[in-house]
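> Chains A and B, in that order, are what the protein sequence lines are.
According to numbering that gives the first Met the number 0, the first sequence is numbered sequentially starting from 0.
According to numbering that gives the first Met the number 0, the second sequence is numbered sequentially starting from 0.
Structure below; questions to follow.
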Amino acid sequence: MTKIRVEDALTEQAAAPAKKTVQMPVGVPGYTLADEAREVPVSEPPVWPINKDLKYVGQSVERYDGFAKVAGRARYTSDVQLPGMLYAKFVNASVPHARVLSIDTTAAEKYPGVRGVHVIQHVLGNAVLRNPALEPVKYPVVRYAGQPVAAVAATTPAAAEEAAALVKLKYDTIPFVVNEVKARDADAPKVFPGAADEEASAGGGGGPSDVKQTGNIHGPSIHKHGEIEQGFKDADVVVEGHFVTQVQTHSALETHGVVADWKPELLTVYASTQGTAGVREELSGFFKLPLTQVRVITEYMGGGFGAKFGAGNPGVVAAALSKKTGAPVRLMLDREEEHLSVGNRPSSDQTLRIGAKKDGTLTAIHLVAFGTAGCGTGAGCSGPASNLYKTASLHAEESDVFINAGPGSAMRAPGHPQGAFALEQTMDDLAVKLGMDPLDLRDKTDEHPVRRVERQVVRESELWKSRNPVANADRGPVKRGVGFAQSVWYRFVSMASNAEVRIHKDGSIEVLSGVQDIGSGIRTVMAQILAEQFGIPPAQIAVKVGDTNYTPGPESGGSVTTLSLTPAVRDAAWQASQKFLADIAPALGTPAHDLVLVDGEVRSRSGKFEPISFKRAAAKMSSSQISVQAKRVPDYDPKKYLTYGGVDVAEVEVDTELGRIHVRRVLSVHDCGRPMNPTQTISQINGGIIQGISFTLLENRLLDPVYGIMVNPDLEQYKIVGSREIPDIDVRLVEAYLGQSSTDASGIAEAAGVISIGAAIGNAVYNATGVRIRQTPMTPAVVLAALHAPAQGKEMA
Amino acid sequence: MSDPSSPEDEHRNPTPAEPARSGLSRRGFLKGAGLTAAGTALLEGVQGFTHEAAAQAPSGITELGPEAVPVRLHINGAEHTVEIEPRTTLAEALRLHLSMTGTKIVCDRGVCSGCTVWLDKMPVNSCMTLAVDAVGRHVTTIEGIASDGSMHPLQAAFVKHDAMQCGFCTPGMVMSCAALLERNPNPTEHDVRRAVSGNLCRCGTYPKIFAATLDAAGTTRNA
Numbered sequence: 000m001t002k003i004r005v006e007d008a009l010t011e012q013a014a015a016p017a018k019k020t021v022q023m024p025v026g027v028p029g030y031t032l033a034d035e036a037r038e039v040p041v042s043e044p045p046v047w048p049i050n051k052d053l054k055y056v057g058q059s060v061e062r063y064d065g066f067a068k069v070a071g072r073a074r075y076t077s078d079v080q081l082p083g084m085l086y087a088k089f090v091n092a093s094v095p096h097a098r099v100l101s102i103d104t105t106a107a108e109k110y111p112g113v114r115g116v117h118v119i120q121h122v123l124g125n126a127v128l129r130n131p132a133l134e135p136v137k138y139p140v141v142r143y144a145g146q147p148v149a150a151v152a153a154t155t156p157a158a159a160e161e162a163a164a165l166v167k168l169k170y171d172t173i174p175f176v177v178n179e180v181k182a183r184d185a186d187a188p189k190v191f192p193g194a195a196d197e198e199a200s201a202g203g204g205g206g207p208s209d210v211k212q213t214g215n216i217h218g219p220s221i222h223k224h225g226e227i228e229q230g231f232k233d234a235d236v237v238v239e240g241h242f243v244t245q246v247q248t249h250s251a252l253e254t255h256g257v258v259a260d261w262k263p264e265l266l267t268v269y270a271s272t273q274g275t276a277g278v279r280e281e282l283s284g285f286f287k288l289p290l291t292q293v294r295v296i297t298e299y300m301g302g303g304f305g306a307k308f309g310a311g312n313p314g315v316v317a318a319a320l321s322k323k324t325g326a327p328v329r330l331m332l333d334r335e336e337e338h339l340s341v342g343n344r345p346s347s348d349q350t351l352r353i354g355a356k357k358d359g360t361l362t363a364i365h366l367v368a369f370g371t372a373g374c375g376t377g378a379g380c381s382g383p384a385s386n387l388y389k390t391a392s393l394h395a396e397e398s399d400v401f402i403n404a405g406p407g408s409a410m411r412a413p414g415h416p417q418g419a420f421a422l423e424q425t426m427d428d429l430a431v432k433l434g435m436d437p438l439d440l441r442d443k444t445d446e447h448p449v450r451r452v453e454r455q456v457v458r459e460s461e462l463w464k465s466r467n468p469v470a471n472a473d474r475g476p477v478k479r480g481v482g483f484a485q486s487v488w489y490r491f492v493s494m495a496s497n498a499e500v501r502i503h504k505d506g507s508i509e510v511l512s513g514v515q516d517i518g519s520g521i522r523t524v525m526a527q528i529l530a531e532q533f534g535i536p537p538a539q540i541a542v543k544v545g546d547t548n549y550t551p552g553p554e555s556g557g558s559v560t561t562l563s564l565t566p567a568v569r570d571a572a573w574q575a576s577q578k579f580l581a582d583i584a585p586a587l588g589t590p591a592h593d594l595v596l597v598d599g600e601v602r603s604r605s606g607k608f609e610p611i612s613f614k615r616a617a618a619k620m621s622s623s624q625i626s627v628q629a630k631r632v633p634d635y636d637p638k639k640y641l642t643y644g645g646v647d648v649a650e651v652e653v654d655t656e657l658g659r660i661h662v663r664r665v666l667s668v669h670d671c672g673r674p675m676n677p678t679q680t681i682s683q684i685n686g687g688i689i690q691g692i693s694f695t696l697l698e699n700r701l702l703d704p705v706y707g708i709m710v711n712p713d714l715e716q717y718k719i720v721g722s723r724e725i726p727d728i729d730v731r732l733v734e735a736y737l738g739q740s741s742t743d744a745s746g747i748a749e750a751a752g753v754i755s756i757g758a759a760i761g762n763a764v765y766n767a768t769g770v771r772i773r774q775t776p777m778t779p780a781v782v783l784a785a786l787h788a789p790a791q792g793k794e795m796a
Numbered sequence: 000m001s002d003p004s005s006p007e008d009e010h011r012n013p014t015p016a017e018p019a020r021s022g023l024s025r026r027g028f029l030k031g032a033g034l035t036a037a038g039t040a041l042l043e044g045v046q047g048f049t050h051e052a053a054a055q056a057p058s059g060i061t062e063l064g065p066e067a068v069p070v071r072l073h074i075n076g077a078e079h080t081v082e083i084e085p086r087t088t089l090a091e092a093l094r095l096h097l098s099m100t101g102t103k104i105v106c107d108r109g110v111c112s113g114c115t116v117w118l119d120k121m122p123v124n125s126c127m128t129l130a131v132d133a134v135g136r137h138v139t140t141i142e143g144i145a146s147d148g149s150m151h152p153l154q155a156a157f158v159k160h161d162a163m164q165c166g167f168c169t170p171g172m173v174m175s176c177a178a179l180l181e182r183n184p185n186p187t188e189h190d191v192r193r194a195v196s197g198n199l200c201r202c203g204t205y206p207k208i209f210a211a212t213l214d215a216a217g218t219t220r221n222a
């Protein structure tokens with residue numbers, strides 16, 4: 000997924016330009032705000048004040064493409080129609096593990112309307128054998144039911160579907176395993192005949208490749224510091240728990256897919272993707288085309304959540320079919336394929352022990368984690384245990400377990416909802432055992448300055464004050480509880496973040512970048528930045544994104560988009576404005592330094608002339624267009640502020656007779672540097688909370704152990720929360736200035752509640768009932784089983 | 000679970016016993032359902048079909064298909080004639096044959112309401128409605144909800160409250176919420192939750208959808 004381009008960063012450092020020292024606001028207004036000095040390149044624009052002193056940035060400006068979306072005018076990939084376009088349909092394996100002996104496409108090719116059939120030679124997404132010679136085969140081995148094997152292109156979707164059903168596959172089936180616990184047994188069927196890896200990428204897709212593999216167990220990889228045995232010896236109190244979380248599918252409403260239009264001079268691909276640049280790179284590499292001959296366009300995309308990076312099987316196959324047929328080809332997955340073959344959040348099975356002193360100081364954190372990403376890797380979930388608290392010793396080991404299921408992929412805060420579910424419930428246990436308030440315990444062990452402020456916001460809230468510190472205090476069958484949990488995410492900067500600003504002689508201004516707006520609202524934020532710079536309302540700025548013909552933008556994953564791209568946008572806007580003033584100064588009979596752009600007017604500082612409108616000033620330009628491209632300047636102080644936080648409080652009602660958990664209210668206190676557009680930021684946090692509730696209470700990919708197929712690949716039996724389960728969500732944004740860039744923005748998508756809400760619910764259920772639930776989804780059956788497990792109930796009450 | 004008798008929930012699809020408003024009865028269609036698998040439809044007393052090849056069976060039942068037939072649809076105040084196979088759903092007819100792609104197909108089996116359009120102001124899942132079932136009825140889609148080129152008050156409220164993220168569920172949400180306001184100009188939040196209980200949003204934008212709809216209702220009241 001997101002590629003953090005270290006080489007780019009180093010090149011920039013080497014060619015370090017002249018620097019100037021500026022004072023920047025750093026900290027949380029009302030709590031810790033103070034000026035700090037930063038050395039920045041001389042080309043950087045003036046430091047912005049905090050949000051309350053800006054006009055457009057930091058304000059809840061209406062979504063730039065709001066009208067297009069509410070009017071049905073936003074064109075998504077699945078809406079693209081090209082003249083002569085064909086519709087393609089995958090032929091998918093119906094068995095979970097097999098060698099494909101033969102693929103007979105004769106009948107499909109003869110079917111009315113069919114224009115082309117493609118047999119897949121290289122399947123993407125699955126882990127790959129370190130030694131391919133272990134498996135001499137003609138076609139890719141089927142590792143999961145639903146793996147694409149071939150595809151058909153026809154003049155109508157119905158013809159493609161009917162013809163796909165006519166492709167005859169002969170299999171040599173291989174024993175399979177879909178139960179991740181059984182898969183760890185020495186005598187379990189092996190998903191791969193030898194060690195296999197999926198290349199790791201920042202943000203969570205794939206995993207380490209330098210680890211041992213024993214049977215289906217790929218790992219462990221180990222992170223540690225200090226002496227773990229000594230840590231437990233030094234502990235006054237030890238708490239531990241075994242936690243299990245399920246596989247979740249992304250279930251974006253727009254499925255994966257592309258429209259590929261192969262012409263001899265140019266391959267144009269409309270893609271539902273989180274990264275136009277990555278799709279282009281993958282297609283260019285796969286088909287050995289220069290980057291100049293591949294163009295990727297994403298005007299609008301209907302949700303990704305981490306699963307939509309690269310061209311993938313749909314992109315490659317559609318391009319191949321377009322090349323073969325000479326016509327544009329649309330290949331959008333259907334809902335079942337979306338569940339099976341294009342990613343999921345891996346499961347986890349975690350055994351966690353924490354040792355602490357009586358005062359709450361942590362002496363040891365010990366985590367052993369397994370998880371399955373199907374026939375891929377990337378189930379690691381030790382991020383929270385490794386990064387949230389100060390501990391004298393840490394030992395975290397994590398292993399992927401291969402099973403015959405579709406490969407996992409990055410999903411919103413990869414590994415972190417799972418890891419925090421275990422860590423934050425165990426910390427809650429520790430608070431109980433120490434007789435400490437859960438917030439006080441964190442104050443003792445968590446050094447993050449912003450989370451400290453966030454806990455203070457919680458402490459002062461009505462919801463937290465209403466919490467009864469005594470668990471299981473309600474006497475009726477429906478018990479109320481309030482729980483607290485924390486999250487952590489990281490400041491990833493994508494240096495492949497560029498923007499271009501153009502000023503035209505008619506006074507119109509546009510900003511362009513290859514970046515895609517996946518719904519988080521980067522279009523709006525780009526318009527706000529230009530509005531702030533030029534004093535023109537954001538709606539009058541033309542924003543053009545989602546096209547590799549523009550200067551490259553970052554891929555949207557790992558919360559990188561806003562924090563990476565906005566400084567480049569601001570720098571381009573600032574430099575363009577300076578170039579503009581210098582260009583028109585002679586015509587206005589004054590030096591450039593006498594000119595200033597305020598509120599859509601060009602003014603003379605010395606009062607040489609009456610203010611003139613930007614439009615009139617632009618007419619004096621010496622050329623038809625002024626254009627400036629800027630790239631991301633590295634963070635001003637890259638050793639500081641590497642993580643951000645966020646804390647969540649959940650209020651639940653547990654029906655102890657029916658086993659039903661109802662989340663009534665959520666208080667969500669989060670930071671993302673300078674919030675660029677608070678209403679859009681809140682939208683993302685609402686979404687993180689809601690997705691997290693859905694993960695915690697409902698969603699579950701179910702695999703049939705006898706046939707090895709998913710039994711609920713739809714949206715009725717794969718349960719996702721709907722309108723009736725939505726709690727009242729109170730989001731408090733904490734402005735946390737870091738002094739890191741010309742916009743000082745950070746990201747929010749991963750930290751937006753999805754990490755911590757599961758544990759907050761777990762802790763609230765404990766507060767309500769005195770029983771801890773260490774398994775997701777917390778269905779009524781799971782809740783009732785926990786409530787009726789007498790030993791646990793007694794121990795915890 | 001939803002109360003099956005409530006108007007907010009029953010709208011998901013026309014009730015099976017629906018009277019023959021278009022002269023095209025549900026029962027008559029269902030009688031031919033066995034043949035629709037082969038792409039044909041048997042229709043009683045059909046009006047709105049100009050297909051000369053439609054076989055007139057002795058019983059007075061018209062058999063259409065499996066090949067494409069011309070079908071006249073009344074959409075957003077305009078008449079459209081499309082050549083479609085009788086098995087074509089209304090969603091497919093809109094998206095593939097009329098290039099009206101504002102209506103989204105998400106689950107394609109009546110679960111998520113992403114494809115919601117109105118039939119005579121009644122919201123239905125267009126993925127579960129055959130295009131031939133819409134003959135003689137007024138179809139309203141997201142493209143037609145604001146007739147004069149400006150935004151429907153609900154659309155404006157969605158923008159004001161940022162009641163969208165990726166936007167893929169938005170057309171269906173707008174159609175469901177606007178239909179609620181047609182039925183009930185003064186809804187409570189509970190009413191809004193019921194009205195969109197079948198609409199799935201994966202970005203989790205529900206709180207703002209509730210707020211926008213209640214705000215638009217206020218606008219309607221004050222107007």
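Think of the CB as a built atom: it goes at the ideal place given N, C-alpha and C, for glycine as much as any other residue.
Given 8 angstroms as the limit, is there contact between the region 691 to 702 of chain A and the region 171 to 178 of chain B, that is, 3 or more CB pairs closer than that?
No, they do not touch.
> Could you pull out every residue in the same chain whose Cβ sits closer than 6 angstroms to the Cβ of G382 (chain A), ignoring the five residues on either side in sequence?
On the first sequence, position 383 is the one that residue 382 (chain A) refers to. Cβ within range, chain order: G414, H415, G418.
> By Cβ distance, which residues of its chain are closer than 6 angstroms to D729 (chain A), with the 5 residues on each side in sequence left out?
The residue labelled residue 729 (chain A) in the question sits at position 730 within the first sequence. Here the set comprises L666.
> Report the three-state DSSP secondary structure of F286 (chain A) (helix, strand or coil).
Locating residue 286 (chain A) in the first sequence gives position 287, where the first residue counts as 1. Correct three-state label for F286 (chain A): helix.
> Going by DSSP, what residue range makes up the alpha helix (DSSP H) through K543 (chain A)?
Here residue 543 (chain A) corresponds to residue number 544 of the first sequence, with the count starting at 1. Counting along the chain, K543 (chain A) falls outside any alpha helix (DSSP H), though it belongs to the beta strand (DSSP E) covering 541 to 543.
> What separation, rounded to the nearest whole angstrom, lies between the Cα atoms of V452 (chain A) and I402 (chain A)?
Working through the first sequence from its first residue, we reach residue 452 (chain A) at position 453. Working through the first sequence from its first residue, we reach residue 402 (chain A) at position 403. Going by the C-alpha atoms only, they are around 43 angstroms apart.
> Within a Cβ cutoff of 6 angstroms, which residues of the same chain sit near T350 (chain A), ignoring the five residues on either side of it in sequence?
Reading the first sequence from its first residue, position 351 is the one you call residue 350 (chain A). Counting only Cβ-Cβ distances below 6 angstroms, and skipping sequence neighbours, we find H241, V367.
> Which stretch, first to last residue, makes up the alpha helix (DSSP H) that contains V449 (chain A)?
As a working mapping, residue 449 (chain A) is identified with position 450 in the first sequence. Residues 448 to 458.
> At a Cβ cut of 8 angstroms, what residues of the region 107 to 126 of chain B count as close to chain A, listed as they run along the chain?
Taking 8 angstroms as the Cβ-Cβ cut-off against chain A, the residues of the region 107 to 126 of chain B that qualify are D107, R108, V110, C111, G113.
> Suppose contacts are defined by Cβ-Cβ distances below 8 angstroms. Is G552 (chain A) in contact with V542 (chain A) by that definition?
Sequence index remark: in the first sequence, residue 552 (chain A) carries index 553 (1-based). Sequence index remark: in the first sequence, residue 542 (chain A) carries index 543 (1-based). Cβ atoms of G552 (chain A) and V542 (chain A): not closer than 8 angstroms.
> Using a Cβ cut-off of 8 angstroms, pull out every chain B residue sitting near N685 (chain A), in sequence order please.
The residue you call residue 685 (chain A) lines up with position 686 of the first sequence. Within chain B, the residues near N685 (chain A) are G203, T204, Y205, P206, K207.
> Measure the C-alpha to C-alpha separation of V601 (chain A) and T267 (chain A) and round it to an integer number of angstroms.
As a first step, residue 601 (chain A) must be located in the first sequence, where it is residue number 602. As a first step, residue 267 (chain A) must be located in the first sequence, where it is residue number 268. Distance between the alpha carbons of V601 (chain A) and T267 (chain A): 42 angstroms.
> Between the C-alpha atoms of Y299 (chain A) and R731 (chain A), what's the straight-line distance to the nearest angstrom?
Mapped onto the first sequence, residue 299 (chain A) falls at position 300. Mapped onto the first sequence, residue 731 (chain A) falls at position 732. Y299 (chain A) and R731 (chain A): Cα-Cα distance of roughly 29 angstroms.
> Compute the distance between the beta-carbons of S146 (chain B) and G76 (chain B), then report whether it is under 8 angstroms.
Taking the second sequence and counting its residues from 1, one reaches residue 146 (chain B) at position 147. Taking the second sequence and counting its residues from 1, one reaches residue 76 (chain B) at position 77. Their beta carbons are under 8 angstroms apart, which means S146 (chain B) touches G76 (chain B) by this criterion.
> Pairing CB atoms from the region 158 to 167 of chain A with CB atoms from the region 100 to 114 of chain A, are three or more of them under 8 angstroms?
Yes, the region 158 to 167 of chain A touches the region 100 to 114 of chain A.
> Give the residues of chain A in contact with S98 (chain B), contact being defined as C-beta atoms less than 7 angstroms apart.
Residue mapping note: residue 98 (chain B) aligns to position 99 of the second sequence, counting from 1. Neighbours of S98 (chain B) on chain A, chain order: Q80.
> Going by C-alpha distance, which of A:I583, A:D358, A:A744, A:T642 is nearest Q624 (chain A)?
The residue you call residue 624 (chain A) lines up with position 625 of the first sequence. Per the Cα distances, A:I583.
> My parser needs the alpha helix (DSSP H) runs of 4 or more residues fully inside the region 481 to 569 of chain A; what are they?
Whole alpha helix (DSSP H) segments, 4+ residues: 521 to 533.
> Check G115 (chain A) in the structure and name its three-state DSSP category.
In the first sequence, the residue the question calls residue 115 (chain A) occupies position 116. Three-state result, G115 (chain A): strand.
> For I684 (chain A), which of B:T212, B:A210, B:P206, B:A215 has the nearest alpha-carbon?
Residue 684 (chain A) sits at position 685 when you count from the first residue of the first sequence. When only C-alpha atoms are compared, the closest one is B:P206.
> Name the chain A residues that come within less than 7 angstroms of V173 (chain B), Cβ to Cβ?
Within the second sequence, the letter at position 174 stands for residue 173 (chain B). Those are V69, listed as they occur along chain A.
> Run the CB neighbour count on H224 (chain A), radius 10 Å, all protein chains shown included, and call it buried at 16 or more, exposed below.
As a first step, residue 224 (chain A) must be located in the first sequence, where it is residue number 225. The residue is exposed, with fewer than 16 neighbouring Cβ atoms inside 10 Å.
> By DSSP, does N403 (chain A) sit in helix, in strand, or in coil?
To locate residue 403 (chain A), count along the first sequence from 1; it is residue 404. Here N403 (chain A) sits in coil by DSSP.
> Going along the chain, which residues of the region 291 to 304 of chain A sit with their C-beta nearer than 7 angstroms to a C-beta in chain B?
Those would be Y299, M300, G301, G302, in chain order.
> How do the region 463 to 480 of chain A and the region 767 to 787 of chain A stand: do at least 3 beta-carbon pairs fall below 8 angstroms, yes or no?
Contact holds: three or more Cβ-Cβ distances are below 8 angstroms.
> With distance defined between alpha-carbon atoms, name the residue in A:P44, A:P712, A:L462, A:E280 nearest to V295 (chain A).
Locating residue 295 (chain A) in the first sequence gives position 296, where the first residue counts as 1. Checking every option, the nearest Cα to that of V295 (chain A) belongs to A:E280.
> For chain B, find out if any of its Cβ atoms is closer than 8 angstroms to the Cβ of A187 (chain A); answer yes or no.
As a position in the first sequence, residue 187 (chain A) is number 188, starting the count at 1. Taking Cβ atoms only, chain B never reaches closer than 8 angstroms to A187 (chain A), which makes this a no.
> Report the rounded CA-to-CA distance for L438 (chain A) versus V469 (chain A), giving the unit in angstroms.
The residue labelled residue 438 (chain A) in the question sits at position 439 within the first sequence. The residue labelled residue 469 (chain A) in the question sits at position 470 within the first sequence. Computed Cα separation, rounded: 15 angstroms.
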